[in-house]
Structure formats: C-alpha cells, structure tokens
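Numbering of the sequence shown is given in my numbering, commencing with residue 4 and proceeding in unit increments.
Ideal Cβ positions, reconstructed from N, Cα and C, are used throughout, including at glycine.
These notes concern the structure reproduced below.
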Amino acid sequence: MQKPFALLIKPASADCNMRCSYCYYLPKADLYPKSSVHRMPKSILTKIIAGYMATRQPQYTYIWQGGEPTLMGVDFFQEAVELQKRFAQPGAIISNILQTNGMLIDDALSEFFYKYRFLIGISLDGPRNLHDKYRRTVNGKGAHAAVLEGIKCLNRNSVQFNVVVTVSSHNVSHGREIYRYLRDIDCRYLQYIPCTEFAEKDGITPGKFTVTGEQWGNFLCEVFDEWQRNDAQKVSVRLFDSVMNYLLNGQKGMCSMKRSCNSYFMVEYNGDIYPCDFYAGAEYLLGNIVEKSLTDFYKSVEFVGFSNRKAKWSPRCERCNYLDLCAGDCPRYRILPAAPGDGHFVSWFCEGWKKFYSHSLQKFNEICCQIRREKQKISSRQGSTQSVPKVGRNQPCPCGSSLKYKKCCGR
C-alpha cells in the first residue's frame with residue numbers, strides 16, 4: 004500500500020529577495036537558465052493540486068518553500084486554496100505550511116494565513132549579531148530588524164509560526180544564547196538545522212559555513228539542557244518532540260529519522276518533480292507533473308531506488324545504540340568513510356548525534372515517563388481501563404533507572 008506523502012512546492016523556484024551566504028538553493032537557479040524570473044503558472048498549480056488531491060492521504064500537506072515563496076503574492080496563495088477546495092474529496096484534511104525569510108510579511112498576508120490556518124516557518128538565526136552575519140538582503144543589509152517586524156505582524160494577526168534556525172560556523176557556539184533569545188521574545192516553536200557545504204573535489208572538505216559533528220553535538224546538548232531545565236512543557240523543539248514521539252508512540256516525524264526517503268516530492272515552479280529538495284539536479288529529475296501522475300512517480304523505479312538507499316547504512320551503524328533514532332542520518336550527510344576500503348559511509352554528524360543522544364536520552368525517557376503518569380491519572384479519573392503505558396509492571400522502567408517500572412514511573 005502506498006504510504007502518505009507531502010508536496011514541497013517551490014512556486015518561485017530559487018528566486019529570492021535575500022542573498023544568504025550559506026544558501027544551498029540559490030545556485031539551483033542554474034537548473035532553469037532560460038529565464039531570470041521564475042513564477043509558477045496557474046496551469047501547473049492546477050495540475051499539481053488536482054493530482055495530489057486525487058491520491059489517498061490521511062492528510063494533504065502542502066509545503067510552500069523557495070527561494071522565497073511570498074514573492075508570489077497573496078493572490079497566488081488564494082488561488083491555491085480555492086483549487087484545494089475545488090478538488091478536495093469530502094472530509095479531506097488539508098494543511099498548508101509556508102517557509103519564509105519574513106521580509107515580505109505584512110497584514111494582508113498575515114490575515115490570509117490566519118484565515119486559512121497556514122503554519123508559517125520563519126528563519127531567524129538568533130540575535131542581530133548572529134543573524135545578520137550571513138543573512139543579508141540583495142543590497143547587503145542585515146535582515147534581523149525586518150524579520151522581527153514580520154514576527155510582530157504574525158503575532159498581531161494570531162498566525163501560528165515556528166522559528167527555523169540555521170546553525171552555521173558563526174552561531175554554533177551560541178546554542179544557549181540563541182535558545183534563550185528566541186524564548187525571551189516569545190518564540191515557542193523552534194527548529195534547528197545544521198549548515199553543511201563541502202568541496203566538490205573531494206566531497207569531505209568542509210567550507211566556511213559548515214559545522215562539525217562535535218560542534219553540532221555540543222550545540223544540541225546546550226539547547227537541550229536549557230530546554231529540559233526550564234521549558235520542557237512550555238517550548239516545542241522539533242527534534243526533541245520527534246524523539247519523544249518515537250519513545251512514546253513509536254512514530255517518527257522527521258524524515259531523517261525514518262528508514263526510507265519517501266516522505267515527500269519536491270515540485271519546481273514548472274512542474275518538474277524531484278525526490279527531495281536536497282537532491283534537485285538533472286540526475287535526480289523524475290519527470291514533470293504534466294507527464295505522469297504522482298502515484299506513477301511514487302511507484303517509479305527511480306523513486307523507489309532513491310527511497311530504499313536510505314536503509315543502506317554502514318555495518319558500523321548496525322552496532323550503534325542510537326540507530327533507531329538516527330537511521331544512519333540523511334544520506335546527503337553520509338560522506339565519511341566508515342572504515343578504510345569497506346565502501347560504506349557514515350554521517351558527517353555521526354559523533355555529534357552520539358554525543359547528543361548519550362547526553363539526553365535518559366532525560367527524554369524520564370520526561371516520557373512523566374507524561375505516561377499524567378495520562379494514567381487522567382485515565383483513572385475518567386474510569387478508563389486502558390493500559391497506559393504498554394510496559395510490564397516487572398519490566399525495567401523505560402526512563403533508564405535501575406528500578407522496575409512498578410517501583411519507578413509506574414508507581
């Protein structure tokens with residue numbers, strides 16, 4: 004049976020009103036050199052939405068990204084919503100997520116986002132001195148002040164948003180400072196993404212923006228300690244939420260934690276389909292939405308092969324205590340030889356993930372046990388006979404203590 008998938012759509016391709024130094028997608032404009040301006044036509048938008056709504060999904064998830072998607076203007080997204088309504092089956096659940104640099108957020112857009120319950124991701128790398136280092140406008144000006152104005156506008160119109168932090172060589176040693184800054188300006192939904200760029204010649208020489216595995220691990224540990232100490236029930240960090248969701252429910256939300264790369268398709272402004280936005284290149288082009296259905300693309304030999312290579316990790320990964328959480332990491336990070344001559348590669352961030360999970364996993368389990376206890380109390384008050392959680396009374400407590408569950412978190 005076909006698994007659910009989302010669409011990550013780039014309606015303005017790589018076009019952007021900023022020139023972030025570390026941006027990996029700006030060079031993708033070279034994929035479509037015939038025009039200097041790229042805008043998705045209505046015919047392609049209609050084909051995409053009609054095709055996606057024709058598939059069977061528990062939830063239809065549209066992720067609007069770029070470049071900068073707000074360059075399309077509010078009328079484009081109004082048209083997208085109308086098409087979603089037009090082609091939706093009765094009872095269909097539709098969600099829209101839009102990732103933006105925040106520069107063009109105004110009341111008109113914010114009112115639209117609120118009306119149609121868009122979830123907004125807004126890029127902010129910390130306080131001004133950290134954000135403005137690499138995130139600058141076309142004219143070379145720092146963008147921090149404009150981003151804060153965009154956030155104020157979203158708040159003023161009650162729009163749900165999360166902050167996406169790119170962790171680069173400039174801000175990687177400021178994990179605690181960045182976390183506190185975002186929390187103190189009342190940003191309660193956070194996501195951190197490590198920055199990587201490598202020399203084309205050998206594929207493993209890091210560039211000036213790249214963070215090392217050790218730096219990434221240290222950064223995550225700093226953020227985790229601050230979050231766990233003060234804000235575990237108040238602030239949402241996407242990675243932390245994903246870890247706890249797996250520990251509690253066995254579900255993996257982040258694609259890097261899954262064993263296959265088939266969570267979404269990336270759709271370019273002209274309808275070209277790629278298996279992932281990190282693999283947008285001629286060698287990975289699956290075809291165009293005008294040529295085939297999304298179901299055909301999903302079943303294609305090319306997409307299945309791309310998806311399955313995620314699970315082809317190194318034997319070294321099989322011996323790792325954290326494989327269930329890491330799944331060998333995103334394939335684009337697998338650039339370090341696992342051992343001389345064995346032909347396998349491990350993630351550039353491998354040591355960082357090990358450091359983070361060895362530091363945090365017991366605390367995660369303790370938080371999860373607390374959540375289970377609270378559910379037990381609620382179930383007890385409501386007279387529920389459900390077993391919460393599915394842990395034997397005489398089994399070791401999942402929080403990692405030396406006690407049995409009945410003597411620890413199950414008491």
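query: C-beta contact flag for tyrosine 117 and asparagine 160 at 7 Å; result: yes
query: Buried/exposed call for lysine 37, threshold 16 Cβ in 10 Å; result: exposed
query: From Cys198, Gln60, Pro93, residue whose alpha carbon lies closest to that of leucine 297; result: Gln60
query: Glutamine 163 vs leucine 122 beta-carbon contact at 7 Å; result: yes
query: Alpha helix (DSSP H) runs wholly inside the segment 335-387, at least 4 long, in chain order; result: 353-384
query: Sheet register partners of tyrosine 277 (DSSP bridge); result: Met269
query: Outcome for lysine 302 when other beta-carbon atoms lying within 10 angstroms are tallied against a minimum of 16; result: exposed
query: Simplified DSSP state of serine 303, which is helix, strand or coil; result: coil
query: Proximity of tyrosine 27 and phenylalanine 212 at Cβ, strictly below 7 Å; result: no
query: Collapsed DSSP secondary structure at aspartate 187 in the structure displayed; result: helix
query: Local Cβ density within 10 Å of isoleucine 96, reported as buried at 16 or more and exposed below that; result: exposed
query: Proximity of cysteine 264 and serine 317 at Cβ, strictly below 7 Å; result: no
query: Residue nearest to valine 349 in terms of C-alpha spacing, selected from Gly331, Trp356, Gln218; result: Gly331
query: For serine 16, three-class secondary structure by DSSP; result: coil
query: Sheet register partners of arginine 139 (DSSP bridge); result: Gly145
query: Sequence-distant residues of its chain with Cβ nearer than 6 Å to valine 335 (five each side left out); result: With the sequence shown as reference, residue 335 is identified as arginine, and valine is not the correct amino acid for it. Once the five neighbours on either side are set aside, the close Cβ partners of arginine 335 are Phe281.
query: Segment contact flag, the segment 126-134 with the segment 177-189, C-beta cutoff 8 Å, min 3 pairs; result: yes
query: Nearest neighbour of histidine 134, chosen from Ile154, Gln231, Glu354, Cys23 [CA to CA]; result: Cys23
query: Cβ-based burial, alanine 83 [other Cβ within 10 Å; buried from 16]; result: buried
query: Beta-bridge pairing of leucine 122 - partner residues as DSSP gives them; result: Ile100
query: Separation of glutamine 385 from phenylalanine 8, as counted between CA atoms; result: 36 Å
query: Bounding residues of the beta strand (DSSP E) (the contiguous stretch that carries leucine 193); result: 192-197
query: For leucine 157 and aspartate 110, the rounded distance between their alpha carbons; result: 8 Å
query: Simplified DSSP assignment, three categories, for valine 150; result: helix
query: Three-state secondary structure assigned by DSSP to valine 168; result: strand
query: heavy atom of the ligand NAD below 6 Å from lysine 31 C-beta; result: Of the ligands one can find in the structure shown there are none, so the ligand NAD has no counterpart to examine.
query: Alanine 285 versus Glu354, Tyr35, Met21, Glu85, residue with shortest Cα-Cα distance; result: Tyr35
query: Reduced DSSP secondary structure (H/G/I, E/B, other) of threonine 208; result: coil
query: Serine 39 burial status per 10 Å Cβ neighbour count (16 or more: buried); result: exposed
query: CB of valine 246 within 7 Å of CB of glycine 178, strictly; result: no
query: Limits of the alpha helix (DSSP H) - the one that isoleucine 66 falls within; result: It is not in any alpha helix (DSSP H) - isoleucine 66 instead sits in the beta strand (DSSP E) that spans 63-67.
query: Threonine 103 versus cysteine 323 - alpha carbon distance; result: 37 Å
query: Opening and closing residue of the alpha helix (DSSP H) in which aspartate 244 lies; result: 241-252
query: Where glycine 216 falls: helix, strand or coil (DSSP); result: helix
query: Distance between leucine 74 and leucine 326 (C-alpha atoms, nearest Å); result: 40 Å
query: Bridge partner(s) assigned by DSSP for phenylalanine 201; result: Pro209
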